[in-house]
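**Student:** Let me give you the structure first, and then I'll get to my questions.
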């Protein structure tokens, strides 16, 4: 029934918004800490240890981080399924309609920009849903499974991986980081509007394009900072990271092992 579908979509939207805001308490800290590498690598490494005091607290890690990302993913894909059903019904109803002639439009309007920006938010969500579990497996699950002291993991673990696999990891870090920044920033504003608990200042579509460009450039610079381009890196735990990398690769599907050597 249309009314039931609409009610379900609203419920899923509330779950999606609430879980997204909960997860942003982790993602904002995690990403902002990495951005500090553009100032000094030491600042970013210190921030990682400080912010862990919050998001690696057992209750927070299970409920706020793990629970929210699961709820966010399920509600998002649930809404996507409902949209596909509506689109299918709509296409059946309009299958006999003919295209009307109209004057050609030149250039992108503000409304077009808003639609494109929303589509990028959805796209980054799909990208994150494909990458986040691998990131969690490599940086959290593998240390818990294979290290006597998982707290030994520091920022040089990520840096060393990029130095061992340049190109692949640089690209991966940029995609993961930019997708996380965009999806979090755009999503917070959307979630606040959905839950009607306040709103961030309105930003024009043109300004948001510049913000998006800034996020892309900031993450590119951060990847360079994390991989020793701005200052020399000292990686005393390199031997441990090599041993852990073998265990991480063992967790991957066979189709990916060849790619990573």
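Residue numbers (our numbering): 169 to 429.
Just so it is clear, CB atoms sit at the ideal spot from N, CA and C, and this is done for glycine as well.
Quick one: what does DSSP say residue 224 is sitting in, helix, strand or coil?
**Tutor:** coil
**Student:** Let me confirm a value: residue 334 is counted as buried when at least 16 other C-beta atoms fall within 10 Å, else exposed. Which label applies?
**Tutor:** exposed
**Student:** Could you tell me the distance, in whole angstroms, from the CA atom of residue 177 to the CA atom of residue 210?
**Tutor:** C-alpha of residue 177 to C-alpha of residue 210: approximately 45 angstroms in a straight line.
**Student:** Could you give the distance in angstroms between the alpha-carbon of residue 345 and the alpha-carbon of residue 173?
**Tutor:** 34 angstroms
**Student:** Considering only the alpha carbon of each residue, which of 233, 243, 417 and 395 lies closest to residue 475?
**Tutor:** Any question about residue 475 goes unanswered here, given that the chain covers just 169 to 429.
**Student:** DSSP three-state call for residue 390: helix, strand or coil?
**Tutor:** Secondary structure at residue 390: helix, using DSSP grouped into helix, strand and coil.
**Student:** Report yes if the C-beta distance between residue 288 and residue 350 is below 8 angstroms; otherwise report no.
**Tutor:** In contact: residue 288 and residue 350 (Cβ atoms closer than 8 angstroms).
**Student:** Which term fits residue 348, buried or exposed, when burial requires 16 or more other beta carbons within 10 angstroms of its beta carbon?
**Tutor:** buried
**Student:** Residue 324 by DSSP, collapsed to three states: which one?
**Tutor:** helix
**Student:** Are the beta-carbon atoms of residue 416 and residue 306 separated by less than 8 angstroms?
**Tutor:** Residue 416 places its beta carbon less than 8 angstroms from that of residue 306.
**Student:** Whose CA, out of 411, 377, 326 and 175, lies closest to the CA of residue 281?
**Tutor:** 377
**Student:** Using beta-carbon positions only, say whether residue 204 and residue 386 come within less than 8 angstroms of one another.
**Tutor:** no
**Student:** What residue does the alpha helix (DSSP H) around residue 284 start on, and which one ends it?
**Tutor:** 278–304
**Student:** How is the alpha helix (DSSP H) around residue 337 delimited, first residue to last?
**Tutor:** 336–363
**Student:** Figure out for me which residue from 319, 372, 237 and 251 has the closest Cα to the Cα of residue 214.
**Tutor:** 319
**Student:** What did DSSP end up calling residue 396 once you bin it into helix, strand or coil?
**Tutor:** coil
**Student:** Alpha helix (DSSP H) containing residue 231: first to last residue?
**Tutor:** First-last for residue 231: undefined, no H or E at that position.
**Student:** So, are the CB atoms of residue 324 and residue 401 less than 8 angstroms apart?
**Tutor:** yes
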